[in-house]
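In what follows, a single structure is set out as structure tokens and then discussed.
Right, dumping it as structure tokens:
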């Protein structure tokens, strides 16, 4: 994304927070960001598309930071999960995303509502996949139910804890309390064998197999970050890995020949030939294109 477009996104975000999405006009955005109307429409077909771009920009950055917490760590470590959930909540609050989301709920725009609905489902899918990391494949039949209940517990604990204390400073305490309840729920439902929804429901909810794409994105990001961390002083590696990551995750039609050529360049270096994370990246790329 070019700097000028990013500038418009940043300025519009500030306006939406201060004035509200509905009360901010395109003219307000033009004046506040200092761009011409033609430039605006070259970047965004509508104000709604701009709002979606704001959320996409924030969540791409948040997901990268969330994945970085897992680099070199055990995915089954519940402390890492707590840190990831807390990070996501802090990002939401810092960017006032909840107030913008609530405005969309009363909107009549079908595309906006569909966009945010899919966003909620992607969060649910991430929680479900992480619960599989934490509790294992044997409990997987019950983990979609548990993910749904966890989000409900967490969101209501946050809402009423803030109402009671008029403060958000104890966010970590609320997350830890909610995760502790989650652990007990997983134990109870797996022992009883009770199941409300089957996990394959996620594939029906998410369009274009996004449930599976979410898993791929998490795994690719995790292994790319691991290689980058190990070879943080090698600028060439960083650039090549960034290209693969960007091409596969953020390009509408990833170019197979370019990804495979970049991977071959990485593999040709003796320092990387035996790197396990690079081998797993290669495996993921093979599965992606086949």
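Numbering (UniProt numbering), first residue to last: 1 to 290.
Even glycine gets a Cβ: it sits at the ideal position worked out from N, Cα and C.
Just so it is clear, the structure is predicted and the values come from calculations on it, not from any experiment.
By the DSSP assignment, the alpha helix (DSSP H) with residue i in it spans what residues?
i: residue 3; result: 3-19
i: residue 291; result: Residue coverage of the chain in this structure runs from 1 to 290, which leaves residue 291 outside it and unanswerable.
i: residue 255; result: Element bounds for residue 255: n/a, residue is neither H nor E.
i: residue 192; result: 171-192
i: residue 277; result: 276-289
i: residue 99; result: 97-105
With H, G and I counted as helix, E and B as strand and the rest as coil, what does DSSP make of residue i?
i: residue 300; result: Given that the chain is displayed from residue 1 to residue 290, the structure contains no residue 300 and the question cannot be resolved.
i: residue 46; result: coil
i: residue 119; result: helix
i: residue 206; result: coil
i: residue 231; result: coil
i: residue 76; result: coil
i: residue 221; result: helix
i: residue 71; result: coil
i: residue 27; result: helix
i: residue 268; result: coil
i: residue 196; result: coil
i: residue 125; result: helix
i: residue 238; result: helix
i: residue 109; result: coil
i: residue 273; result: coil
i: residue 84; result: helix
Assuming residue i contacts residue j (C-beta within less than 8 Å), just tell me the rounded distance between them.
i: residue 70; j: residue 54; result: Actually they are not in contact, since the Cβ atoms of residue 70 and residue 54 sit about 26 Å apart, beyond 8 Å.
i: residue 228; j: residue 241; result: 6 Å
i: residue 244; j: residue 224; result: 7 Å
i: residue 220; j: residue 284; result: 5 Å
i: residue 47; j: residue 26; result: 6 Å
i: residue 282; j: residue 263; result: 6 Å
Pick out whichever of the options has its Cα sitting closest to the Cα of residue i.
i: residue 11; options: 88, 77, 95; result: 95
i: residue 22; options: 8, 51, 219; result: 51
i: residue 186; options: 233, 254, 128, 172; result: 128
i: residue 174; options: 165, 116, 182, 161; result: 161
i: residue 278; options: 60, 288, 266; result: 266
i: residue 139; options: 194, 152, 115; result: 194
i: residue 203; options: 122, 17, 103; result: 122
i: residue 97; options: 216, 62, 76, 66; result: 62
i: residue 272; options: 237, 90, 31, 164; result: 237
i: residue 303; options: 17, 18, 40; result: No information on residue 303 is available, as it lies outside the stretch 1 to 290 that the chain covers here.
i: residue 280; options: 181, 222, 32, 102; result: 222
Counting only C-beta atoms, is residue i closer than 9 Å to chain B at any point?
i: residue 189; result: Although the question refers to chain B, the structure presented lacks it and comprises just one protein chain.
>> Within 8 Å, do at least three Cβ pairs link the region 143-152 to the region 179-197?
In response: yes
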